[in-house]
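Enquirer:
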Amino acid sequence: MKRCLRNVGLVSTEDRISHLPEALILHILSLPTTKDVVATSVLSKQWRSLWKTVPSLYFDHYSDESEQETFSEIVCRLLLYHKAPFLETLHINFRLDGCDAMDIGMWTGIAYAHHLRKLSLNVESKTESFKFPRSLYNCETLETLILGAWILVDVPSQACLKSLKTLHLYSVDYKDMASVRNLLSGCPNLEELVVFRDQPDVEIFSIAAPSLKRLTIQDENDWKEFGGYAIDAPSLEYLNIEGFKALEFCLFENEPKLVEANIANVSKIIEENILGSLISVIRLSLDLSPLEITFPTGSFFYRLVYLELRAHKAEWWNLLVLMLNASPKLQVLKLIGVSITSPHAQCFYRFSDLMYIVYLSLIGLQQYWSQVGKGNGVSSGKWSQPENVPECLLLHLETFVWKAYKQRLKQEKEVAKYILRKRWRNTSFEESEFLHKSI
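Spelled out as structure tokens, the structure:
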């Protein structure tokens, strides 16, 4: 006990935080809500006005409102006190029942005067959408704009967001197709676009962005066969599409030179052009079900070196065979979700057959390859067996990742061992815990 008491006197009371570089202190103060940051002004004279130069401001309607001031009054007062030469970020979560369009217009107007670079608005409403003020679609310094639910995008004339590089639109409402076009056409330097939709408010969602490099579209609308997307982005490098359940079309103009694409949970598109627009892609991940997708006949993925296929959905085998035959330079093949306990276990056994055929071809017995099946449908309900061993399996494939590998017979396990040891430099197997260990 005495030893512990003696050590108590060794505790330092020095203010170490104040000795940190001011840039680091300001970065730390950018993390909590602005209300909590302002509270630090009581710590010392040095900190009394420090919060006024914090580059990022975060306001939350639920935590910032007080008995003395309304949320709108708090936001306006703190914005007016802000002294930093540039306001890096303004993030506001607010309830529509406690604010109106004039309040939001005033907040963002003050922020724009402080050379705002990133604006994030998220609205909560039980009845109506908040109409984003038209004047706020004009800002010379804004680089990132994030709009959340219950915001109405109404842009009757072309926007002017010359510096905008990142635009995220999460469940916003669009007045009409012209508003979408006017917004995007006013962003000549846009590089990243994220669109999340859950209702069919715009029949044709047109994306025309010459400088766009990254595009994410998540469409959870389940209305029957309503509208679609028209995409003209020749500089596009990264594409992520999810949740297309009932679209009439998804058309690409000026096919981009894609580096990476992820297509997930796409159920049905009547006039399909997605896979045909991806022939230049280098890395591709596919998770399509139920497969009502037309494979681009005669097309080749000449640049594709990495293919990841989610194999837990119906008829994945046919898609795999078509992709292997159309990807002569494939180096990495990754299959995920193959299970002999699933309804699609038969597809696993067909893949084992393919492994055995590759083995025969390696020892000079290609004549044993069956010449059965010449269809190119992905969801025909039958196994479309290829006529020849895919070129990529014989010449280029170096890495094979097989998650949830399930061997059926001992000889199949031996065939897989032989092939992988002789032909591919890197292999990876993973099994579920209730089945055999990996080979």
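The UniProt record's numbering numbers the first residue of the sequence shown as 1 and each following residue consecutively.
Even for Gly, the Cβ is constructed at its ideal location relative to N, Cα and C.
1. Check residue 19 in the structure and name its three-state DSSP category.
2. To the nearest angstrom, how far is the alpha carbon of residue 100 from that of residue 34?
3. Does the Cβ of residue 256 have 16 or more other Cβ atoms within 10 Å, making it buried, or fewer, making it exposed?
4. What span of residues does the beta strand (DSSP E) with residue 216 cover, start to end?
5. Would you mind sorting residue 323 into buried or exposed? The rule is 16 or more other CB atoms within 10 Å of its CB.
6. Using the Cα positions of residue 208 and residue 233, report the straight-line distance between them to the nearest angstrom.
7. Expressed to the nearest angstrom, what Euclidean distance is found between the alpha-carbon atoms of residue 53 and residue 113?
8. Quick one: grab the DSSP three-state call for residue 254.
9. Which runs of the alpha helix (DSSP H), 4 residues or longer, sit entirely within the stretch 151-204?
10. Please state whether DSSP places residue 27 in a helix, a strand or coil.
11. Taking the Cβ atom as the reference point for each residue, do residue 195 and residue 169 lie within a distance shorter than 7 angstroms?
12. Less than 7 angstroms between C-beta atoms, sequence neighbours within five positions excluded: which residues of the same chain meet that for residue 301?
13. In terms of alpha-carbon separation, which member of 138, 121 and 245 lies closest to residue 182?
14. Given this structure, state the Cα-to-Cα distance separating residue 296 from residue 214, to the nearest angstrom.
15. Which same chain residues, not among the five before or five after residue 299, have their C-beta less than 7 angstroms away from its C-beta?
16. Nearest-angstrom Cα distance between residue 284 and residue 237?
17. Opposite residue 112 in the DSSP bridges: which residues?
18. Buried or exposed for residue 86, please, with buried defined as at least 16 other CB atoms from any protein chain shown within 10 angstroms of its CB.
19. For residue 188, which residues of its own chain have a beta-carbon under 8 angstroms away from its beta-carbon, when the five flanking residues on both sides are left out?
20. Report the CB separation of residue 165 from residue 192 in whole angstroms; it is logged as a contact under 8 angstroms.
21. Suppose you measure from the CA of residue 48 to the CA of residue 78; what does that come to, to the nearest Å?
22. Tell me, which residues are paired with residue 231 by DSSP?
23. In chain order, what residues of the same chain lie with their CB nearer than 6 angstroms to the CB of residue 122, ignoring the 5 residues before and after it?
24. Does the separation of the CB atoms of residue 397 and residue 330 fall below 7 angstroms?
25. Taking the alpha carbon of residue 51 as the point to measure from, which residue in 111, 69 and 26 has its own alpha carbon closest?
26. By how many angstroms is the C-alpha of residue 216 removed from the C-alpha of residue 240?
27. How long is the line joining the alpha carbons of residue 221 and residue 242, rounded to whole angstroms?
28. Should residue 229 go down as buried or exposed, given a rule of 16 or more other Cβ atoms within 10 Å for buried?
29. Using alpha carbons as the reference points, say which of 146, 172 and 199 lies closest to residue 131.
30. Kindly indicate the opening and closing residues of the alpha helix (DSSP H) around residue 36.
31. Tell me, which residues are paired with residue 238 by DSSP?
32. Which ranges does the beta strand (DSSP E) cover as unbroken runs of at least 3 residues, wholly within the stretch 46-109, from first to last along the chain?
33. For residue 231, which residues from the same chain have a beta carbon less than 6 angstroms from its beta carbon, with the 5 sequence-adjacent residues on both sides left out?
34. Measure the C-alpha to C-alpha separation of residue 20 and residue 57 and round it to an integer number of angstroms.
35. What span of residues does the beta strand (DSSP E) with residue 128 cover, start to end?
36. Pick helix, strand or coil for residue 285, following the three-state DSSP scheme.
Expert: This is what the structure holds:
1. helix
2. Approximately 21 angstroms between the Cα atoms of the pair.
3. buried
4. 214-219
5. Its Cβ being crowded by 16 or more others within 10 Å, residue 323 is buried.
6. Going by the C-alpha atoms only, they are around 6 angstroms apart.
7. 15 angstroms
8. coil
9. 177-185
10. helix
11. yes
12. 279, 281, 326 and 327
13. Answer by Cα proximity: 138.
14. 24 angstroms
15. 276, 279 and 326
16. Taking C-alpha positions only, residue 284 is separated from residue 237 by approximately 12 angstroms.
17. Its beta-bridge partners do not exist; DSSP assigns none.
18. Flag for residue 86 reads exposed.
19. 162, 210 and 211
20. 7 angstroms
21. 14 angstroms
22. 207 and 252
23. 93 and 148
24. In this structure, residue 397 lies near residue 330, with their beta-carbon atoms less than 7 angstroms apart.
25. 26
26. Between the C-alpha atoms of residue 240 and residue 216 there is a straight-line separation of about 5 angstroms.
27. Between the alpha carbons of residue 221 and residue 242 lies a gap of roughly 11 angstroms.
28. Classification for residue 229: buried.
29. 172
30. Residue 36: member of the alpha helix (DSSP H) spanning 34-39, first to last residue.
31. 214 and 260
32. Those beta strand (DSSP E) runs which fall completely within the stretch 46-109 and span 3+ residues are 56-60 and 89-95.
33. 207 and 252
34. 21 angstroms
35. No beta strand (DSSP E) contains residue 128, which DSSP labels as neither H nor E.
36. strand
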